[in-house]
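Reading through the structure tokens given below for one structure.
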Amino acid sequence: MQTAELARAPGRPASTVCPFCGSGCSMFLSGTASYPRRHHPVSEGALCLRGWSAGELLRSPARVVTAYRRSPGEPLQPTPVERAFDEAATCLADIRRRHGGASIGILGSARITVEEAQALRRLAAALGTPHLDTLQRAGYVPFPPLSLRDIEEARRITVLGANLTVRQPQVARRLVRAADRGARVRFVHSRRVQLYSLAAEHVVTQPGHELDALGELDPDELVLLSSEITLSGQGSEAVARLAGRRAMFLTDYANQRGVIEAGLHPTGEGLSAWEMLNAAAEGRLKALLIFADDPFEFFPTLSARAFAGVELSVVVDAVKTRSAGRADIVLPGALLAEKRGTVVNTEGRVQEIAPAAAALAAWNEGDIAAELARRVGDGTEPGPVPVYEPQPGGRGGELPGEEYPFLAALDTTLFWNSHALIAATATAWREARSLFADFPPGCVTLNPDDARALKLQYAGSVTVTSPSGSITLPARLHARMLPGTVWIAMPCWERCGVKLGALDYDTGLRVPIFRPRAVRVSRPQARA
Amino acid sequence: MSGGPRWLTREGLDALLARLAQAGELIAPVMVEGDLLYLPVGDAADVCHDYINSHLPPKEYLLPTPELLVAYRVTDGAPELEPESERLAPAARVIFGIRSCDVAGAAYLERYFSGELFGRPDTADGQFAARREATTLISVVCQRVSPTCMCVCCGGGPALERGYDWQLTELEAGWLVEIGSPRGERLAERFADLLGEAPAAAGAEKEARVRATVESFQATATHRVPTMAATRMMSAGRMDEAFWRGVGDRCFECGGCAFVCPTCWCFNVVDVGGPGTSVFEEAPAAQRPMAPGGASDRVRDGRWERVRLRDNCMLAGFVRQAGGGYPRWTCGERCLTRFFHKLSQQFQERAGALGCTGCGRCISACLGEEGIDRIAEGMRDALTGVGRASAPDARAKAAAKAKAAASEVRP
């Protein structure tokens, strides 16, 4: 943070867009402090804690300020950026010569600009690889844009499986305004989310079956849905069910909509991000180029196998992610606040940003992609931008039965949009870290009534068993969770998903999902 | 010239601002991308005079975030402190155009950081005191009210009787200057050539203008803080758990209300290295240090800074204890604490003023659309048992019906 060097520089604070959720709040940055813009149609004078903490990223100790390279068997060592480029270019050219361009996979991110996403497409074309995607596409389904004002002015609103206060606070704010104005708000959800007391009607359903409970919609009814629906396997169904309706998909990442519309998604024979990680783990891909994405965030085991399975892994990022820590070469990226370009928020609002601060290493993801394309590529230009059209596929959750009377689902409320960025702040990380500090091995969340029936105390261990296997974790107890459900904290997605057989792949959206599974919940067996 | 109000002509004010700007001391309201911000001004022509109030208080000039507390260099594992002289001798500056609510807020902060609030002058914060001493506040009395202004309810304006260094009121023929502190006197001596004797009728004209502003508020206000009722209910602990659960239901725990509040002082202290100094993390999140690059790196050589960051008592992490306990577990309980500080008689007696100056910023910074006015109105309605049901009250009733539905089980 080094405040001395950041003693308020003369000149005006510059505005930028918050790098966290997809709302697209505009903020002033002054030194390492961020402030909401009052006269901006999204922020309107307010930020969530992530936004208020975003300025701390500018001089975070977790920033990548130079390049790093790893000698075999050695830890990463700092190296001049030019030398890292040389090495990356030499290795990539060699891999391309030996295995072809299609042996290279490129993962982008939803915290880069539209222009940088275009640069990644150019890089993929120049390298001759069709494999370009981002894990931060997970859960996105395209709907025609609706504005925040549409929410405020709607007369009937259905919130379909979305915990707005945590995930999209600015959307929640508009919902509160609409409710205060007299709009009829209906929640269709498998738990009582924070704002449910606003609702005139609360349709309670099983996780993974929210669409089944949606019922008939009025023609003017506005439906708000989030990745909570799509990550449970109902994405394709949601697209079909809500086609032609006033539906607003609430994006999870700052530029999720922008980069996907710019072509950052799998097309033709190109592998999806999930398929790329699996292909790399199986040795079918020889190089992974990762731009501001962190596959270790939710899939640490698969990512470790993927990194071990390739000959070259290059990570470009502004912060030290776990992926960067495992890479062969790390190049310094930049934050959105340090970039010029375009981002698109959940409304489809196109916002141009200018650098509010200088990039710490004078590079950004787009420039690095362009430089790699120049050094290794053959000059091939990408074709027209493909349209993102999810195909039918995916399936909703199971239903509980006699033998397995509970339903295990993914708890997306414990998700701060970008773990890598949150961990690089001080204030927001202090809040996000509490869960990890209170429950180091991860946790599940249960309704207190269920816990009482199990004679289970807060933080006591609980064993969750499905036909595929079982896992034992400490339990949080929360009355907002419905009886008969057990919620898996999002950081445990892969670990619990694999054990319970819930980690699935949505073939329509081509993203990993957590398909709610029927489970049995018990206290762990005492060891003999 | 000493004692009694002074007079500044319009040309005199322009000259004053020009000379302060030229000296590099002027902080003044400036319009940036449609928002009013208090910024260092190098050219007095940049100063915005046509505004009601800023969305962000100028408190960051007294309580910056991050604020360097101690810098040290670790060499071969041995830390050595850097000299403190620069931090304890901040540059002189003059904040022009600050409103009365923010002047009252600065006085409130001063009382806390001087240790007087808790009767502990031995805990006085030297850095804050040095910065406050170097900062002269020239407030301008409001003659228009914004939709969220509530200072009339809270004694935070539109004009103050004490707490300011200079208090300017724009009158028909010029500016009435009231001087309220030794700092103000020193500024008056420095610019004695621009100041004159106030006309005899100036005081009455000022009072009339202030009265008109108050009447305008009373005629048009959409937000009010019923302070007497709220203080009575708050001080006696008469608002029940259901009420606070309802308030907590609307709190998104963003921290915005405290960050924009001119009287909030909560802070956090962390030790950090410079950009890039943290190690690549292999460890799971639970094992990582509290601040990025914090504890686990402390033994590493390099320059380190202990900084003070703005914080908020409504955040769960703020109340979390080292052993993992949460003395105020639910958001509603944390809301109660905040409003006890703002409104209770106990705190008013210590601070000598209400903890709310009525600036209204918490209304526009609240994602849950619930400022202090609605909460205080809920208290008034609970006290009187009549009148319109406020939203918090209605929510409280709903929440009472679904008892245990909205709270997390305590560990």
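Sequences listed follow chains A and B, in order.
Going by this note's numbering, the residue at position 274 of the first sequence is 274; the numbering climbs one at a time, nothing skipped.
So the mapping is simple: this note's numbering equals the position in the second sequence, first residue as 1, plus 1000.
Every residue gets a Cβ at the ideal spot worked out from N, C-alpha and C, and that includes glycine.
Residue burial classification, residue i (beta-carbon count within 10 angstroms, cutoff 16)
i	result
residue 1049 of chain B	exposed
residue 464 of chain A	buried
residue 206 of chain A	buried
residue 1066 of chain B	buried
residue 1063 of chain B	buried
residue 1140 of chain B	buried
residue 31 of chain A	buried
residue 18 of chain A	buried
residue 1412 of chain B	Shown here, chain B extends from 1001 to 1411; a query on residue 1412 of chain B therefore has no answer.
residue 154 of chain A	buried
residue 563 of chain A	Any answer about residue 563 of chain A is impossible in this case: the structure gives chain A only from 1 up to 528.
residue 42 of chain A	buried
residue 1144 of chain B	exposed
residue 1353 of chain B	buried
residue 394 of chain A	buried
residue 455 of chain A	exposed
residue 513 of chain A	buried
residue 391 of chain A	exposed
residue 1227 of chain B	buried
residue 1123 of chain B	exposed
residue 424 of chain A	buried
residue 1192 of chain B	exposed
Per DSSP, the bridge partner or partners of residue i
i	result
residue 202 of chain A	A:187
residue 512 of chain A	A:505
residue 1027 of chain B	B:1040, B:1095
residue 95 of chain A	Answer by DSSP bridge pairing: none, since residue 95 of chain A is not bridged.
residue 70 of chain A	A:76
residue 1268 of chain B	B:1309
residue 1035 of chain B	B:1032
residue 519 of chain A	A:406
residue 1074 of chain B	B:1079, B:1302
residue 253 of chain A	For residue 253 of chain A, which the question treats as bridged, DSSP gives no partner whatsoever.
residue 28 of chain A	A:15, A:35
residue 1006 of chain B	B:1177, B:1197
Of the residues the options, the one placed nearest residue i, counting alpha carbons only
i	options	result
residue 1346 of chain B	B:1117, B:1058, B:1056	B:1117
residue 495 of chain A	A:189, A:265, A:473, A:383	A:473
residue 331 of chain A	A:239, A:231, A:317, A:287	A:317
residue 160 of chain A	A:208, A:346, A:395, A:121	A:208
residue 1185 of chain B	B:1214, B:1309, B:1137, B:1206	B:1137
residue 295 of chain A	A:178, A:272, A:509	A:272
residue 366 of chain A	A:358, A:350, A:341	A:341
residue 484 of chain A	A:405, A:237, A:128, A:289	A:405
residue 47 of chain A	B:1327, B:1252, B:1082, B:1059	B:1252
residue 1318 of chain B	B:1070, B:1300, B:1337	B:1337
residue 1272 of chain B	A:62, A:516, A:28	A:62
residue 64 of chain A	A:253, A:216, A:81, A:452	A:81
Short CB-CB distance (under 7 Å) between residue i and chain C
i	result
residue 1313 of chain B	Within the model displayed, chain C is absent; protein chains A and B are what it includes.
### Message
Please give the ranges of any beta strand (DSSP E) in the segment 98-122 of chain A, keeping only runs that are unbroken, at least 3 residues long and fully inside the region.
### Response
104-107
### Task
Check distances from the C-beta atoms of the segment 1058-1080 of chain B to those of chain A and list, in chain order, the residues that come in under 8 Å.
1060, 1064, 1065, 1066, 1067, 1068, 1071
### Task
Please list the residues of the segment 1344-1365 of chain B that have a C-beta atom closer than 7 Å to any C-beta atom in chain A, keeping them in chain order.
1364, 1365
### Message
Suppose only complete runs of 4+ residues qualify. What are the alpha helix (DSSP H) ranges in the segment 38-65 of chain A, listed by chain order?
### Response
49-53
### Residues of the segment 35-53 of chain A whose Cβ lies closer than 9 Å to any Cβ of chain B, in chain order
35, 36, 37, 38, 39, 40, 44, 45, 46, 47, 48, 49, 50, 51, 52, 53
### Query
Counting only runs that start and end within the segment 1076-1154 of chain B, where is the alpha helix (DSSP H) found for 4 or more residues in a row?
1085-1088, 1100-1113, 1126-1134, 1151-1154
### Message
My parser needs the alpha helix (DSSP H) runs of 4 or more residues fully inside the segment 1225-1256 of chain B; what are they?
### Response
1227-1235, 1241-1249
### Task
Can you check the segment 151-175 of chain A for any alpha helix (DSSP H) of at least 4 residues that lies completely inside it and give the ranges in chain order?
164-167
### Message
Quick check on the DSSP output: what are the complete beta strand (DSSP E) runs of length 3 or more inside the segment 393-477 of chain A, in order along the chain?
### Response
406-411, 444-446, 461-466, 469-477
### Task
Run through the segment 293-330 of chain A for me and flag every whole beta strand (DSSP E) of 3 or more residues, listed as ranges in chain order.
312-317
### Task
With 7 Å as the limit, tell me which residues of the segment 1024-1048 of chain B have their beta carbon closer than that to any beta carbon of chain A; keep them in chain order.
1032, 1033, 1034, 1035, 1037, 1039, 1040
#### Entry: Runs of alpha helix (DSSP H) lying entirely within the segment 1145-1211 of chain B, each at least 4 residues, in chain order
1151-1154, 1182-1190
### Continuous alpha helix (DSSP H) assignments of at least 4 residues falling wholly in the segment 1304-1365 of chain B
1316-1319, 1331-1343, 1345-1351, 1361-1364
### Query
Which residues, in order along the segment 322-348 of chain A, keep a beta-carbon less than 7 Å from a beta-carbon of chain B?
322, 324, 325
### Query
Given a limit of 7 Å on CB to CB distance, which residues of the segment 1316-1343 of chain B reach chain A?
1316, 1317, 1320, 1324
### Query
Using Cβ-Cβ distances below 8 Å, what residues of the segment 1237-1255 of chain B are close to chain A?
1246, 1249, 1250, 1252, 1253, 1254, 1255
### Message
For a minimum of 4 consecutive residues, which ranges assigned as the alpha helix (DSSP H) are wholly contained in the segment 225-289 of chain A?
### Response
235-241, 256-261, 273-281
### Task
Compile a chain-ordered list of the residues in the segment 266-285 of chain A whose CB is closer than 8 Å to at least one CB of chain B.
none
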